[in-house]
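In numbering that gives the first Met the number 0, the protein residues as written are 0 to 417.
Each remark here refers to the structure printed beneath this line.
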Amino acid sequence: MKTLLLLAIFLMMGIPCRAALSRESAVNIITYWPTGFRVDNSEQGLRVQRLLRKIKDLGVTTVIFNFRSRMIGGITNEVTSVVPADQQREEEYHLEATIHYAHSLGLQVAFRPILLVVGPHGEFPYEDANGVLWWHGVINPSDPEEWFRSFFDYHSRYMKIAARTGAVWYSIGAEMHSLTSGLGSRNRPRRFGRPDLWIQFVTRARDLMGPQVKITYGANYTDQYVLENGVRTWGGEFEQWRHDMTFKARSEKEIRHQQDLRQLWRSLDFVGLDYYRALGTSDATYPDSYDELIKVLNPFSFQYASNLQNALAQINKAAATEKPLAIQEVGYRSVEKCFVSPYLYEDGQTPINYQHQAAAWDALLMSLWNDKTPWMNSIGIWQVLLDDDSDTTINGGFSPLGKAPTEKVLKRYFIPPE
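Listed below in structure tokens is the structure:
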């Protein structure tokens, strides 16, 4: 009832309720070239400059640099950069120049290294001979301590760059469900993760970067359910965290796991979310009218906002702290019904629909970018790929650039009224 009342107020107003407090509007940027983060006079460098200027024009305050690492298979213990060792110095040179250029535009920068699981020949996605589809949320390294040492070695190069270039925050991982809370009762042998090793990781990261760079982690917030005591609740990794930090722990193993997960929560400056929740169903017929479509999507987005607020309050109470949330990653393709399965990538077959992308963003921001949600620090848009000219071509990708309906929505929320 509380959620529906808030929704009704916003709909009657007909305008977004912008927050008076300071919060971060962000865009994730990524490149698939080893030295693709560059702002020289090359074709790529000039493109990156143009895209960064267009990102700034949306009212965005922060660009999130995504760096890719990989592990071969789901049970190995080595994490390496996708950038070959003999190109890493060149990567760093161009990366720092790109950060300097972003700063010159008035943009802050954040770092978000991400992990990919590939096959022995680079296959991605990777399904092994036993039919197991491996991805970073289900990895099971044979020696977790060794894996975390390797993972930190990979991160340390970027942590040093983050510290010396004035990054505002650094994400130590994203969507790594099996190694944080563990997979819960749905997978008894892997019920518990290794939050104890994450705590050590955070401590080492603070020692390396100093107090000026905030540290976060991005938990999955999805339509995957958590099964505990025969009850299903939806929300993916974040919901597993909520359960494990608030349930009545009884066994010694449960108590230790809960204590470690609470300590991990306390050790972070804020907690990130990779937010991929459906705002509708695939079998529904959606109205052609933009305003009517928003009315269909809003009950979903406002319910999720209410769920997040309640879960956050429970977790903070259990952990005896007050940590805010921040969406590190959320995106909608510019295709028909993009709000039904927002995690899907462009397939080249679904009809392009910029209005549906714009409506999805409108519904999300209406529920989370307002003065009733001071607990939500940031919204991070997924994504702008720096390697092509998607801002000047018709396409069904995630990027909002060059898509007038979506750009209009984002500017309405992100640019303060004069």
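Ideal Cβ positions, reconstructed from N, Cα and C, are used throughout, including at glycine.
Every value quoted in this text rests on a predicted model; they were computed, and no experiment measured them.
- At the C-beta level, LEU385 and GLY35 come within 8 Å of one another.
- Taking C-alpha positions only, THR284 is separated from GLY379 by approximately 29 Å.
- In the DSSP assignment, LYS294 falls outside any beta strand (DSSP E) and lies within the alpha helix (DSSP H) extending over 289 to 318.
- Of the candidates GLN239, PRO210, TYR412 and PRO188, GLN239 places its Cα closest to the Cα of MET175.
- Exposed is the label assigned to ALA403, since fewer than 16 other Cβ atoms lie within 10 Å of its Cβ.
- The stretch 236 to 285 contains, as complete beta strand (DSSP E) runs of 3+ residues, the segments 270 to 275 (chain order).
- The Cβ-Cβ distance between LEU363 and SER281 does not fall below 8 Å.
- Here the C-alpha atom of SER141 lies approximately 35 Å from the C-alpha atom of ALA277.
- Looking at the backbone, the Cα of TYR169 and that of ILE98 are separated by about 14 Å.
- In the DSSP assignment, the residues bridged to SER377 are GLU23.
- Here DSSP, grouped into helix, strand and coil, assigns TYR220 to strand.
- When C-beta atoms of the stretch 348 to 365 are compared with those of the stretch 325 to 334, three or more pairs fall below 8 Å, so the two segments count as touching.
- Straight across, the Cα-Cα distance linking GLY165 with THR202 is about 19 Å.
- Closest in C-alpha terms to ALA162, from the list GLU95, ARG148 and GLU126, comes GLU95.
- Here the alpha carbon of PHE397 sits roughly 45 Å from the alpha carbon of GLU251.
- Within the DSSP secondary-structure output, ASN65 pairs in a beta bridge with ARG111.
- For VAL408, the uninterrupted alpha helix (DSSP H) segment begins and ends at 403 to 413.
- Scanning its chain for C-beta atoms nearer than 8 Å, with the 5 sequence neighbours on each side dropped, one finds around ASN139 the residues GLY73, ILE74, SER177 and ARG189, in chain order.
- By the Cβ-count criterion, LYS322 is buried, with 16 or more other Cβ atoms from all chains shown falling within 10 Å of its own Cβ.
- Collapsing the DSSP output to three states places ARG46 in a helix.
- Between GLN327 and ARG69, the beta carbon gap of about 20 Å keeps them out of contact (Cβ cut-off 8 Å).
- Rounded to whole angstroms, the separation of the alpha carbons of ASP290 and THR405 is 14 Å.
- Residue pairing by DSSP puts LEU132 in a beta bridge opposite GLU126.
- For LEU226 and PRO124, the gap between their C-alpha atoms comes out near 26 Å.
- In the three-state DSSP reduction, GLN348 falls in the coil class, being neither helix nor strand.
- The beta carbon of GLU89 is closer than 7 Å to those of THR34 in its chain, skipping five residues each way along the sequence.
- ARG249 and LYS316 have their C-alpha atoms spaced approximately 19 Å apart.
- Nearest Cα to ARG67 within the set PRO83, LEU260, ASP56 and VAL339: PRO83.
- Inter-segment contact for the stretch 196 to 213 and the stretch 241 to 248 is absent: fewer than three beta-carbon pairs are separated by less than 8 Å.
- With a cutoff of 8 Å on beta-carbon distance, THR232 and TYR224 are scored as near each other.
- Look at MET70 here: in three-state DSSP terms it is strand.
- With contacts defined as CB atoms closer than 8 Å, LYS55 and LEU115 fail to qualify as a contacting pair.
- Here the alpha carbons of PRO399 and GLU417 stand approximately 24 Å from one another.
- Membership of TYR100 in the alpha helix (DSSP H) is indicated by the continuous run 87 to 103.
- Under the three-state reduction of DSSP, VAL167 is assigned to coil, being neither helix nor strand.
- In the displayed model, ILE29 falls within a strand according to three-state DSSP.
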